[in-house]
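Under the numbering used here, think of the first position of the sequence shown as 1, with each following residue one higher. Heads up, the beta-carbon is just placed ideally off N, CA and C, and yes, glycines get one too. Everything on this sheet refers to the single structure shown next.
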Amino acid sequence: PNHPLCHESFGSIYCHTDECPVRSILNGAKEVKREETRFLPTGKKILVELHAYPLKDDNGKTIAVAEEIKDITGVHYTEEILRQTENQFTVFTDSLPFGVFIEDGLTHEIVYQNFYLKQLTGNTGFKEFIKGAEIIGADADNNVTEFQLMDSSGIIRYFNLHQFKFLGVNNRLKIGGLFVDNTRKKEIEHYRDVLAKAIEFTPVSIAILTPYFEFEFINPNFTEITGLTIENLFSKSISDINLEYNGGKHIQKALDSVRAGKTWQGELQLNGKNRERIWVSASFTPVMFESKLQHILVILENITRRKEYEKELILAKNKAEESDRIKTTFLNNISHEIRTPLNAIIGFSSVLTDPHLGQFERSGFSDLIYKNSQELLQIIENLLEISQIEAGEIKISKTEFSVNALMNEIYSTFEEQERGSSRIKLSLRKEIFQDDLVVLSDPSRIKQVLKHLLSNSFKFTTNGFVEFGYRLKDENNLLFYVVDSGIGIEPDKMDLIFNPFRQADSSSTRRHGGLGLGLAISKHVVEKMGGKIWINSTPGSGTSVFFSIPFIPVKLKFENANTGNGLKEFNWDGKTILIADDIDANFVFFKAALQKTKANLIWARNGLEALNYVRNGEPVNLILMDLVMPEMDGFEATRIIKSINQKLPVVGQTAYPETISSNKLAECGFDTVLEKPIRTNQMLMEIDRFLVN
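This is how it looks when you write it as structure tokens:
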């Protein structure tokens, strides 16, 4: 009754046109329903809902048309606002980077899902999509469930499902859900864990500092090398913990560099665990964000071992350079040392051809040739010996021998050599006088060492005495010594003289010759025998050299040996010796050496000729067999000869003893082997041993 249209005539509010509802009813329409726009008398436009229907009498005749007009402007406005709100909600949820759905709380049907969820699930629907998901975590307090599933592309992905309840229209229960893709977060967490493990187990030390250079994190290796823990260091500045050794300033320089936004790299010496000094290769790297220093990454690598290796390499390099210098000096010396006896040999040999030379002079020159030949031979033997030592091929052959007999032999040799020198007195001291002091060792090596030591004593002693001898140091060691009254050795040279090619005086003006190999050889030989060698010396007052070897006594009585230096007379009249050697000069030597023995000599120029002599039944009592010959070598020839006559003695001769194994010699049947250059006395005694037996 209060509406502005009340009490108005119909015609005043509606124009009767062809679309007039009254006309439509009169034309037979049962009713008319529609929404129309109307205008109030005030000119205001409104939206109305029109319902027109006929009013009929008892006979069914239309007597009037009823029109109901309802103002729905407010309802329509509310619905429009609601529609816009729904559109905004859809636009909003469709733009979210995660899934949103609404589930009916009673039927559990999905009544809404946003674009992200539709795109993710495809045609399967959300419920079907998560059926194959594996629940890998849940937070019941916050209604959060963590899923792992495979998407439509076959990629494993991780999601968090957040669910909550709310009341919808007409207070109907609804369940809301947020389906968040957690895959990237999982990957980041994985890489973070990998990085954390890498930092924890890396062999380098890592520390993270705040912009104020305070410790925020250290890995276990940092604790391992410094002995410091995060509890000790937390909130402490690296400048305050006295980390650098001896108050060094390198860490402060590194911090200044980082403060300027630059990385610092270098080597530091730190106070390590248990205050042990360590070397580290260090880097201090600024971590910047928006041009501001956020953290400092400190990486330390322990290089102490490398530093030690570098030091050792430098020492080795210096030693190698020193060795090269010494060897250069040695090569210069060897030229002089070899030429000196060689010049004498060549010079006196040419003089011997003079037919006017007297017998006395000829004999003297021959002695000089022999003496210089021995010196040249000693030089060559020393060079071969030092090469064997450096190659690790020096051998010790232990046998039973009389110590006194050996000492007497050495004494006789040097007494004969130095007989012309009245200014030096040679003496021998023996602690045990019995000839039955028999020990097990290598007599040739002991003789070798004593000869080197005695030669040095005579070389560096102009007058006075040279004494050598032995005594029991204790129940397990035999001590040998050589004492002289010579020039002595300076203290700073004591450690050098046992090195190869070194002498106490290595200047070009030195008064004494030699290659400086004798003591080096002696040291290696003594140590190879299980002993020690040492020197006591005072410059100007003489030198004492001692060496000890293991004392291994045996009870077998040693037979008296020939200790004279002269040649024993041998008579092999009626004996035939076959000499197998392809070198003419060697046969001439054998012929001269065997001339006084009255033995019959046969010369075979190779192994095949020697074999033919035996096959043809020649009366041969002994064979001197060279090992290296053309056509057939001494090994093969001896093997066949021994198969023909097992009792025929075969004495080998070779210039290469170090390259031939004793097993091979034994297998071929050699009875013994002489090493070239062959010493006449040694050869005669060996031959006599076989011919007499």
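If you draw a straight line from the alpha carbon of residue i to that of residue j, how long is it in whole angstroms?
{"i": "Ala-593", "j": "Glu-361", "result": "22 Å"}
{"i": "Trp-534", "j": "Leu-691", "result": "45 Å"}
{"i": "Phe-558", "j": "Val-438", "result": "Confidence at Phe-558 is low in this model, with a pLDDT of 39, below 50, so its placement is unreliable and the value that follows should be read with caution. Approximately 6 Å between the Cα atoms of the pair."}
{"i": "His-512", "j": "Gln-682", "result": "Low confidence applies to His-512: its pLDDT is 43, below 50, so where it sits in the model is not reliable enough to give any reading."}
{"i": "Leu-117", "j": "Glu-86", "result": "18 Å"}
{"i": "Val-614", "j": "Val-650", "result": "12 Å"}
{"i": "Arg-38", "j": "Val-48", "result": "7 Å"}
{"i": "Leu-268", "j": "Glu-244", "result": "7 Å"}
{"i": "Asp-181", "j": "Ser-95", "result": "15 Å"}
{"i": "Ala-504", "j": "Phe-465", "result": "Any answer about Ala-504 is weak, because its pLDDT of 45 lies below 50 and its placement is not dependable; what the coordinates show is given next. Cα-Cα distance, rounded: 21 Å."}
{"i": "Ile-699", "j": "Ala-198", "result": "Outside the shown range of the chain (1 to 693) lies residue 699, about which nothing can therefore be said."}
{"i": "Ala-580", "j": "Leu-406", "result": "33 Å"}
{"i": "Ile-389", "j": "Ile-521", "result": "8 Å"}
{"i": "Met-632", "j": "Gly-607", "result": "5 Å"}
{"i": "Glu-527", "j": "Thr-597", "result": "42 Å"}
{"i": "Lys-61", "j": "Pro-21", "result": "17 Å"}
{"i": "Ser-662", "j": "Gly-669", "result": "11 Å"}
{"i": "Thr-183", "j": "Asn-160", "result": "10 Å"}
{"i": "Ile-497", "j": "Thr-680", "result": "34 Å"}
{"i": "Gly-514", "j": "Thr-638", "result": "Any reading at Gly-514 is ruled out, since the residue's pLDDT is 49, under 50, leaving its predicted position unreliable."}
{"i": "Pro-550", "j": "Lys-473", "result": "10 Å"}
{"i": "Asp-442", "j": "Thr-461", "result": "29 Å"}
{"i": "Leu-517", "j": "Thr-672", "result": "30 Å"}
{"i": "Leu-674", "j": "Lys-664", "result": "15 Å"}
{"i": "Leu-357", "j": "Ala-585", "result": "25 Å"}
Can you list, in chain order, the residues of its chain whose CB lies under 8 Å from that of residue i, leaving out five sequence neighbours each side?
{"i": "Leu-293", "result": "Pro-211, Val-258, Arg-259, Gly-261, Pro-286, Val-287"}
{"i": "Ala-66", "result": "Ala-52, Tyr-53, Pro-54, Leu-55"}
{"i": "Leu-106", "result": "Arg-172, Leu-173"}
Helix or strand or just coil, what does DSSP make of residue i?
{"i": "His-250", "result": "helix"}
{"i": "Phe-201", "result": "helix"}
{"i": "Glu-103", "result": "strand"}
{"i": "Thr-399", "result": "strand"}
{"i": "Leu-695", "result": "Outside the displayed span of the chain (1 to 693) sits residue 695, for which this structure offers no information."}
{"i": "His-190", "result": "helix"}
{"i": "Phe-551", "result": "coil"}
{"i": "His-356", "result": "coil"}
{"i": "Phe-126", "result": "helix"}
{"i": "Lys-557", "result": "Low local confidence applies: a pLDDT of 43 at Lys-557 is under 50, so the model's placement there is unreliable, with the coordinate-based value given in what follows. Looking at Lys-557 - three-state DSSP - the assignment turns out to be coil, as it is neither helix nor strand."}
{"i": "Pro-443", "result": "helix"}
{"i": "Ser-629", "result": "Checking the displayed sequence, the identity of residue 629 turns out to be Met instead of Ser. Coil."}
{"i": "Ala-207", "result": "strand"}
{"i": "Ser-291", "result": "coil"}
{"i": "Ser-537", "result": "strand"}
{"i": "Thr-304", "result": "helix"}
{"i": "Gly-634", "result": "helix"}
Under 7 Å from any heavy atom of the ligand NAD, does the C-beta of residue i make it?
{"i": "Glu-308", "result": "Of ligands this structure carries none, so the ligand NAD is not represented either."}
Assuming residue i and residue j form a contact by the criterion Cβ under 8 Å, report the distance between their Cβ atoms to the nearest whole angstrom.
{"i": "Ile-135", "j": "Phe-147", "result": "6 Å"}
{"i": "Asn-123", "j": "Val-100", "result": "No, Asn-123 and Val-100 are not in contact; Cβ-Cβ is about 19 Å, not under 8 Å."}
{"i": "Leu-270", "j": "Thr-226", "result": "7 Å"}
{"i": "Leu-648", "j": "Ile-640", "result": "12 Å between Cβ atoms; not a contact."}
Skipping 5 residues on each side, what residues in its chain have a beta carbon closer than 6 Å to that of residue i?
{"i": "Asp-688", "result": "Phe-570"}
{"i": "Pro-619", "result": "Thr-576"}
{"i": "Ile-206", "result": "Ile-199, Asn-219, Ile-299"}
{"i": "Leu-627", "result": "Gly-634, Gly-652, Thr-654"}
{"i": "Leu-684", "result": "Phe-570"}
{"i": "Ser-537", "result": "Gly-488, Ile-489, Thr-543"}
{"i": "Lys-186", "result": "Tyr-158"}
With 16 other CB atoms within 10 Å as the buried threshold, where does residue i fall?
{"i": "Ser-427", "result": "exposed"}
{"i": "Ser-457", "result": "buried"}
{"i": "Glu-337", "result": "buried"}
{"i": "Pro-630", "result": "exposed"}
{"i": "Glu-103", "result": "buried"}
{"i": "His-524", "result": "buried"}
{"i": "Asp-484", "result": "buried"}
{"i": "Gln-378", "result": "buried"}
{"i": "Pro-203", "result": "exposed"}
{"i": "Asn-404", "result": "buried"}
{"i": "Tyr-714", "result": "Since the first residue of the chain shown is 1 and the last is 693, residue 714 is not available in this structure."}
{"i": "Pro-341", "result": "buried"}
{"i": "Met-625", "result": "buried"}
{"i": "Ala-604", "result": "buried"}
Quick one: residues in its chain with C-beta nearer than 7 Å to the C-beta of residue i, no 5 flanking neighbours on either side, listed in chain order?
{"i": "Pro-220", "result": "Glu-200"}
{"i": "Gln-252", "result": "Ser-239"}
Is any beta-carbon of chain B found at less than 8 Å from that of residue i?
{"i": "Ser-457", "result": "The structure shown contains no chain B, having only a single protein chain."}
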